[in-house]
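Scroll down for the structure; my scribbles are underneath it.
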Amino acid sequence: MVLAVLVFYDPSGLDTAELGFSLLEASSNVEVKTRKLTFSQFGRRPFAIPTLRSYQILVSSPEQVQELSQLPKDVLSFHGAMKDRLDHKATMYGFELDDTDPNNSVPTHACKILLRKNLQNLGPVIAMRVHDAFEAEISKAKQQNGNTTLPVLAFLKALTARVNSQVFFGDEYATDEGFLAATKRYGWDCIATMEICRLLPGFIAPFVPHAIST
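Structural data, given as structure tokens:
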């Protein structure tokens with residue numbers, strides 16, 4: 382039974398880089414074996430990795446990536462890809478994409494027009510939240526021999542949570558430690574749920590979020 386597919390890619394150059402993945406298989410005695418494959422073994426042709434619900438298609442050459450980027454929206458849909466990949470209904474507790482804004486007009490207007498127009502006003506408060514993040518995380522960091530050790534990933538998650546909360550929810554929530562903790566956990570729970578649901582049969586997916594959040 383296939384448990385997971387892990388993909389590793391070195392973007393330094395397609396001519397010399399190897400893209401390998403570990404296909405983990407579990408036998409009846411729970412032994413796990415690892416099989417490594419690379420693009421060179423497939424002559425740089427697209428190939429598929431089977432999972433329980435679908436095939437994950439990998440492409441390797443610049444030409445193939447360019448072809449994908451030029452496909453029309455009715456062939457390669459961002460909404461369709463996100464619905465398939467994120468499984469919104471499971472990871473976001475019943476949320477479903479519909480045709481209310483099929484062309485992404487609302488987020489495009491918000492991010493490309495309104496956000497850009499207000500960046501000058503947002504700058505000072507964003508800087509304040511960055512300062513808050515440094516102050517809060519450094520105060521909790523490990524101190525040894527006069528040096529402060531701060532885990533980069535944990536810090537970046539805390540920084541992102543504070544800045545996003547400021548931009549989307551305002552001062553009250555951006556300074557609420559309970560809200561910030563919930564924000565960080567929600568993002569992590571969604572990602573974990575997404576990966577678990579992707580590997581499980583569809584009828585099990587609705588039960589995964591409850592199991593993760595309890």
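Numbering of the sequence shown is given in our numbering, commencing with residue 382 and proceeding in unit increments.
The beta carbon of each residue, even a glycine, is placed where N, CA and C say it ideally should be.
Sequence-distant residues of its chain with Cβ nearer than 6 Å to residue i (five each side left out)
i           : result
residue 532 : none
residue 578 : 468, 471, 586 and 589
residue 553 : none
residue 536 : 518
Residue i versus the options, residue with shortest Cα-Cα distance
i           : options          : result
residue 491 : 462, 463 and 549 : 549
Distance CB(residue i)-CB(residue j) smaller than 8 Å
i           : j           : result
residue 440 : residue 449 : yes
residue 539 : residue 546 : no
residue 471 : residue 582 : no
residue 571 : residue 473 : yes
residue 542 : residue 564 : yes
residue 510 : residue 487 : no
residue 523 : residue 530 : yes
Residues near residue i in its chain [Cβ-Cβ closer than 7 Å; skip 5 each side]
i           : result
residue 395 : The pLDDT assigned to residue 395 is 34, lower than 50, so where the model puts this residue is not dependable; a value taken from the coordinates is nonetheless given after this. Excluding positions up to five away in sequence, the list reads 441, 442 and 443.
Identity of the residues DSSP links to residue i by a beta bridge
i           : result
residue 430 : 437
residue 523 : 530
Same chain, Cβ closer than 8 Å to residue i, neighbours up to 5 away in sequence not counted
i           : result
residue 457 : 449
residue 410 : Note on residue 410: pLDDT 34, under 50, position unreliable in the model; the coordinate value appears next. Around residue 410: no qualifying Cβ.
Whole-number beta carbon distance between residue j and residue i, since they are thought to touch under 8 Å
i           : j           : result
residue 445 : residue 427 : 6 Å
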